[in-house]
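Written below as structure tokens is the structure these notes are about.
2 protein chains.
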Amino acid sequence: MTKKEQEIVEQFIEQKGMEYQAEGLPRIAGRLMGLLLIEEGPFAFGELAERLQVSRGSISTNTRLLENLGVIERVSKPGKRGDFFQQSSEPYLSLLAGINLRLNRALANAKQARDGLSKSRKKVQSRLARLETFYQGFIENNKRLIQSLES
Amino acid sequence: MTKKEQEIVEQFIEQKGMEYQAEGLPRIAGRLMGLLLIEEGPFAFGELAERLQVSRGSISTNTRLLENLGVIERVSKPGKRGDFFQQSSEPYLSLLAGINLRLNRALANAKQARDGLSKSRKKVQSRLARLETFYQGFIENNKRLIQSLES
DNA sequence: TATATTGTTTAGTCTTGACTAAACAATATA
DNA sequence: TATATTGTTTAGTCAAGACTAAACAATATA
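Protein chains in written order, with the numbering used here: chain A, 1 to 151; chain B, 1 to 151.
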């Protein structure tokens, strides 16, 4: 790997770290995703810690987090003792499913509120209805994207 | 407003607070959005502080934040001195525009990385290409949603 | 069995940023 | 002009959680 390529890889990893942080996730989780994206895997547990210069505890916590999100998976290698990690086969499907889960919760909250409030509050009723329309549209779009990624 | 309705309103406001917090935004910002959604506005600056039981400093900071996001707007009332706030007319368009801004940045990062890395890294090249496809699909969906909300 | 390796958990530190109270600046009103 | 009102800014507190080091448990290997 050329020096220039190394720089690009490092930069990408850090960018992913910042992207994740902006989404309210740990920076290390983003770095992990970046690394698993941009370099040939799978990576051994210890490799990850050394490569990203973070503690093994952080690797343990954040690999678990990403596993739960469904975007990475823990695999084994014949003859090897430790765990290895790689991007899951369909990380974006899991991501979209997670987003839709949260959207559906928010949608349910809006519905519940609209339901419980007097129909005579025209302004509020219509605002809540518009909020629901927004959520529904977003959810539908995600479903469509899921379908197109599946094919 | 009945007691039951009051409860629903309070619950909705708190739910919005938690939703915003999950997105990495201040809880108070979410509470503000919830309040402006579910009760007739516009609200005076001081009213907001009292109603949500938070300091005026927090109102100042978070109304500015939400104004910058384009989801609320500051308005005046004839004969009144202070500022008033209400949901902007098209909060979801602003929201979607903001999301697409971030997605486009992430997309650009992925492209830049793929560009700079050797074409011979087949695995990595294709992973980055898939990432780009995902971002592009998401962005297109949002644009479509924007259009449908505009009409 | 003893030792090494590996991942998780725990205890504690440190940073970030949400939040408040109070000072402040600007403007309105008396 | 003096006083009151209003929103912003500043200084400081506090809490959440990201992160680490080390203890630990489990398993493999010698």
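Where a beta carbon is used, it is the ideal one built from N, C-alpha and C, also for glycine.
_the region 48-56 of chain A contacting the region 137-145 of chain B, beta-carbon criterion three pairs below 8 Å_ = no
*Three-state class that DSSP yields for B:Val-54 in the structure shown*: coil
*asked:* Suppose you measure from the CA of A:Gln-125 to the CA of A:Gly-34; what does that come to, to the nearest Å?
replied: 44 Å
*Which whole-angstrom value is the C-beta distance of B:Phe-85 and B:Gly-41, which I expect to be below 8 Å?*
7 Å
*Would you mind giving the Cβ-Cβ distance between A:Arg-127 and B:Leu-37, rounded to the nearest angstrom? I have them listed as a contact below 8 Å.*
6 Å
*Taking only beta-carbon positions, decide if B:Gln-53 is within less than 8 Å of chain A.*
no
*asked:* Once DSSP output is grouped into helix, strand and coil, what is the label at B:Arg-31?
replied: helix
*How many angstroms separate the CA atom of B:Phe-43 from the CA atom of B:Ser-148?*
30 Å
*What first and last residue would you give for the alpha helix (DSSP H) that runs through B:Arg-102?*
91-116
*Taking the alpha carbon of A:Pro-26 as the point to measure from, which residue in A:Thr-63, A:Asn-109, A:Ser-118 and A:Thr-133 has its own alpha carbon closest?*
A:Thr-63
*Using 10 angstroms around the beta-carbon of B:Ser-76, count the other beta-carbons present and answer buried if the total reaches 16, otherwise exposed.*
exposed
*Report yes if the CB atom of B:Gly-116 is closer than 8 Å to the CB atom of A:Lys-122, and no otherwise.*
no
*With respect to the alpha helix (DSSP H) encompassing A:Arg-130, which residues constitute its N-terminal and C-terminal limits?*
122-150
*Check distances from the C-beta atoms of the region 41-67 of chain A to those of chain B and list, in chain order, the residues that come in under 7 Å.*
none
*Could you check what DSSP says for B:Arg-64 in three-state terms: helix, strand or coil?*
helix
*Could you tell me which chain B residues have their CB closer than 9 Å to the CB of A:Val-71, listed as they occur along the chain?*
By Cβ distance, chain B contributes nothing, its closest Cβ being about 11 Å from A:Val-71, past 9 Å.
_Please state the DSSP three-state secondary structure of A:Val-71._
coil
*So, is B:Pro-91 buried or exposed, given that buried needs 16 or more other C-beta atoms within 10 angstroms?*
buried
*Taking all protein chains shown into account, do 16 or more other C-beta atoms lie within 10 angstroms of the C-beta of B:Gly-79, making it buried, or fewer, making it exposed?*
exposed
_So that I know if they touch, is there some Cβ in chain B lying closer than 8 Å to that of A:Gln-15?_
yes
*A:Met-18: first and last residue of the uninterrupted alpha helix (DSSP H) it sits in*: 3-22
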